[in-house]
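Comments concern the structure below.
Residue numbers (our numbering), protein chains in the order written: chain X, 21 to 176; chain H, 263 to 672.
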């Protein structure tokens, strides 16, 4: 039985170059996948963007709560908006617990805790959209949380 | 008197039908991110759509050829096919964004009903409305209903705008610094949202559906120039209200509900109701316009019988085509794709296909063999070429900006 020729450079001149280009392509593809999938440590921009998003969620929640407090909106609107914003706060909270580049861990952890408070406040209003007193307290809470998150964002 | 009334009604319908989900998303985001600074992009987009809508309406009235007929004739089969495929992809994405938008708006009213049920209901109701109503009634129903969006103009005024900054926003300026790319992404988005190609496909085919002739050129001019130019006021009001309410608080609007909130805060429940109705009509209207645009393009390119006025029996393949557009859109949104995100992609991708759509229209509109005495004048030619250049530049930068800015998220 004749031995099958080995697939080496002697048999295929120029193959080495092809293999190298393929490896480079693979590395590039892997880096792209990693970059787009959000794996790897969060850099300063990513942390800052997520903190800003959490602050935005808190501010928008504050407006929704204010309208509920004044009875100037519909129950269904308060319900669905608090549910949407609750989901957004949860996303920020989770994203900020991901590993970060050196020196960013503290602010990210602090912001993640604040995002959890935002989520909780929105959740309570979602459960009782008609409660004007609760809405007033949620409005105050979210206003404070939004300022705290803004401060973290500016420190970064 | 009858003619004047026809012109006025058409103009009002065009006025109310100008805005779609693209403006509801991009303009509110632009105002929240940059205050009044991007207001200048509104007249640029409006002038572009007015230029090409007037031209395509005139071409349809004189030659009886709607846009895709012209595209195939001037570009030939190969390039025409590429334009067809590109525009159909964008049309399907647009229908998906719009029907998803209708379901999202309904969910703000019916919080307890699951989104997918509302989506199915939206598509079923839209399909039934399209089946039952004649073409002119469809145009008017959604166009007049869109006038509820006047609530955003009232809201912007109630929030007491800073008139100096607002006027300054209409002066284009070169943004520098950290947010430069995001600024240009939103500038492109605001311009592109006004220039969505389905509007021109629908408008010119609608002219043929309505049986426009030379005597309707006045109606065409009034609809395109006055109706759509006034519609631009809604577009600007969305930026203004967002600049006043969301920008100072650093709110990044990622939901359609945020747009409704902009009417709720200054005007309370009445404002919210009017905002819902306006949004429902403009987004629902755009859903049917974009589904029809897809069916028109396919039928005109392949030489099928087409037109709502022919009825489903005589234009069977055309009827199936718009139904299939709705079904494809439904499938896309049912998979869980976010309609707001689909809108952003549809608007930005649409820009890339714009030059291939608008160039043939311009070439026919300035060709005396087809147009006779109604050939482009100097002004139409000037704006036609100018906007073609603008569209080419925008189409080159749109995708890099989309990816570089992570769809404006930074």
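Yeah, the Cβ is synthetic: ideal placement off N, Cα and C, and Gly gets one too. In this text the structure is predicted, and so the values were computed from the model without any measurement.
Closest by CA to residue i, which one among the options?
i: residue 111 (chain X); options: X:138, X:148, X:86 and X:120; result: X:138
i: residue 329 (chain H); options: H:404, H:462, H:398 and H:499; result: H:462
i: residue 106 (chain X); options: X:94, X:80, X:89 and X:129; result: X:80
i: residue 610 (chain H); options: H:669, H:382 and H:325; result: H:669
i: residue 601 (chain H); options: H:539, H:633 and H:363; result: H:363
i: residue 174 (chain X); options: X:109, X:122, X:93 and X:127; result: X:127
i: residue 361 (chain H); options: H:551, H:641 and H:621; result: H:551
i: residue 300 (chain H); options: H:430, H:387, H:396 and H:340; result: H:430
i: residue 389 (chain H); options: H:554, H:612, H:613 and H:606; result: H:554
i: residue 404 (chain H); options: H:381, H:310 and H:276; result: H:276
i: residue 134 (chain X); options: X:157, X:152 and X:167; result: X:167
i: residue 571 (chain H); options: H:412, H:393 and H:324; result: H:393
i: residue 561 (chain H); options: H:618, H:592, H:331 and H:434; result: H:331
i: residue 498 (chain H); options: H:303, H:342 and H:564; result: H:303
i: residue 535 (chain H); options: H:370, H:423, H:446 and H:442; result: H:370
i: residue 161 (chain X); options: X:140, X:99, X:151 and X:132; result: X:140
i: residue 306 (chain H); options: H:380, H:451 and H:443; result: H:451
i: residue 467 (chain H); options: H:511, H:508, H:629 and H:569; result: H:569
Does the separation of the CB atoms of residue i and residue j fall below 7 angstroms?
i: residue 417 (chain H); j: residue 515 (chain H); result: no
i: residue 118 (chain X); j: residue 62 (chain X); result: yes
i: residue 172 (chain X); j: residue 67 (chain X); result: no
i: residue 490 (chain H); j: residue 280 (chain H); result: yes
i: residue 587 (chain H); j: residue 634 (chain H); result: no
i: residue 538 (chain H); j: residue 408 (chain H); result: no
i: residue 357 (chain H); j: residue 549 (chain H); result: yes
i: residue 545 (chain H); j: residue 283 (chain H); result: yes
i: residue 102 (chain X); j: residue 146 (chain X); result: yes
i: residue 605 (chain H); j: residue 359 (chain H); result: yes
i: residue 421 (chain H); j: residue 506 (chain H); result: yes
i: residue 513 (chain H); j: residue 294 (chain H); result: yes
i: residue 310 (chain H); j: residue 457 (chain H); result: yes
i: residue 735 (chain H); j: residue 484 (chain H); result: What the structure shows of chain H is the stretch from 263 to 672, and residue 735 (chain H) is not part of that stretch, so it cannot be assessed.
i: residue 89 (chain X); j: residue 131 (chain X); result: no
i: residue 323 (chain H); j: residue 478 (chain H); result: yes
i: residue 530 (chain H); j: residue 95 (chain X); result: no
i: residue 385 (chain H); j: residue 518 (chain H); result: no
Between residue i and residue j, what straight-line distance do the alpha-carbon atoms span, to the nearest angstrom?
i: residue 163 (chain X); j: residue 86 (chain X); result: 10 angstroms
i: residue 583 (chain H); j: residue 317 (chain H); result: 26 angstroms
i: residue 312 (chain H); j: residue 648 (chain H); result: 13 angstroms
i: residue 524 (chain H); j: residue 410 (chain H); result: 14 angstroms
i: residue 436 (chain H); j: residue 335 (chain H); result: 40 angstroms
i: residue 84 (chain X); j: residue 480 (chain H); result: 47 angstroms
i: residue 496 (chain H); j: residue 347 (chain H); result: 32 angstroms
i: residue 655 (chain H); j: residue 622 (chain H); result: 18 angstroms
i: residue 472 (chain H); j: residue 397 (chain H); result: 8 angstroms
i: residue 541 (chain H); j: residue 97 (chain X); result: 15 angstroms
i: residue 376 (chain H); j: residue 108 (chain X); result: 18 angstroms
i: residue 427 (chain H); j: residue 454 (chain H); result: 24 angstroms
i: residue 82 (chain X); j: residue 391 (chain H); result: 39 angstroms
i: residue 30 (chain X); j: residue 350 (chain H); result: Residue confidence for residue 30 (chain X) is low, a pLDDT of 39 falling below 50, so the modelled location carries little weight; the figure read from the coordinates is stated next. Each residue's Cα considered, the two are about 51 angstroms apart.
i: residue 662 (chain H); j: residue 285 (chain H); result: 21 angstroms
i: residue 532 (chain H); j: residue 522 (chain H); result: 11 angstroms
i: residue 289 (chain H); j: residue 641 (chain H); result: 29 angstroms
i: residue 114 (chain X); j: residue 74 (chain X); result: 11 angstroms
i: residue 585 (chain H); j: residue 365 (chain H); result: 18 angstroms
i: residue 573 (chain H); j: residue 603 (chain H); result: 35 angstroms
i: residue 504 (chain H); j: residue 614 (chain H); result: 28 angstroms
i: residue 124 (chain X); j: residue 165 (chain X); result: 20 angstroms
i: residue 381 (chain H); j: residue 660 (chain H); result: 30 angstroms
i: residue 412 (chain H); j: residue 492 (chain H); result: 11 angstroms
So, under 8 angstroms CB-CB, residue i and residue j are touching, yes? Tell me the CB distance rounded to an integer number of Å.
i: residue 414 (chain H); j: residue 292 (chain H); result: At roughly 14 angstroms, the Cβ-Cβ gap does not stay under 8 angstroms, so residue 414 (chain H) and residue 292 (chain H) are not in contact.
i: residue 653 (chain H); j: residue 616 (chain H); result: 5 angstroms
i: residue 64 (chain X); j: residue 121 (chain X); result: 7 angstroms
i: residue 590 (chain H); j: residue 321 (chain H); result: That pair is no contact at about 29 angstroms.
i: residue 315 (chain H); j: residue 465 (chain H); result: 5 angstroms
i: residue 325 (chain H); j: residue 333 (chain H); result: The Cβ separation is near 13 angstroms, so there is no contact.
i: residue 459 (chain H); j: residue 612 (chain H); result: 6 angstroms
i: residue 563 (chain H); j: residue 342 (chain H); result: 7 angstroms
i: residue 618 (chain H); j: residue 337 (chain H); result: 7 angstroms
What does residue i reach in chain A if we use C-beta pairs closer than 9 angstroms?
i: residue 671 (chain H); result: Absent here is chain A; the protein component of the structure consists of chains X and H.
Practice item. With 9 angstroms as the limit, tell me which residues of the segment 353–384 of chain H have their beta carbon closer than that to any beta carbon of chain X; keep them in chain order. Key: 369, 370, 371, 372, 373 and 374
Check your understanding: What residues in the segment 69–93 of chain X bring their beta carbon closer than 9 angstroms to a beta carbon of chain H?
Key -> 69, 72, 73, 75, 76, 77, 79, 80, 82, 83, 84, 86, 87, 90, 91, 92 and 93
Practice item. Name, going along the chain, the residues of the segment 380–412 of chain H whose beta-carbon falls closer than 9 angstroms to a beta-carbon of chain X. Key: none
Review point. According to a CB-to-CB cut-off of less than 7 angstroms, which residues of the segment 133–153 of chain X neighbour chain H?
Key: none
Point to revise | Residues, ordered as in the chain, of the segment 105–118 of chain X that lie near chain H by beta-carbon distance below 9 angstroms | key: 105 and 108
Exercise for review: Mind checking the segment 511–527 of chain H against chain X and listing, in chain order, the residues whose C-beta falls within less than 9 angstroms of any C-beta there?
Suggested key: 511, 512, 513, 514, 515, 516, 517, 519, 520, 522, 523, 526 and 527
Practice item. Could you name the residues of the segment 410–437 of chain H whose beta carbon sits closer than 9 angstroms to any beta carbon of chain X, in the order they occur along the chain? Key: none
Point to revise | Short-range partners of chain X found in the segment 547–577 of chain H, where Cβ spacing is below 9 angstroms | key: none
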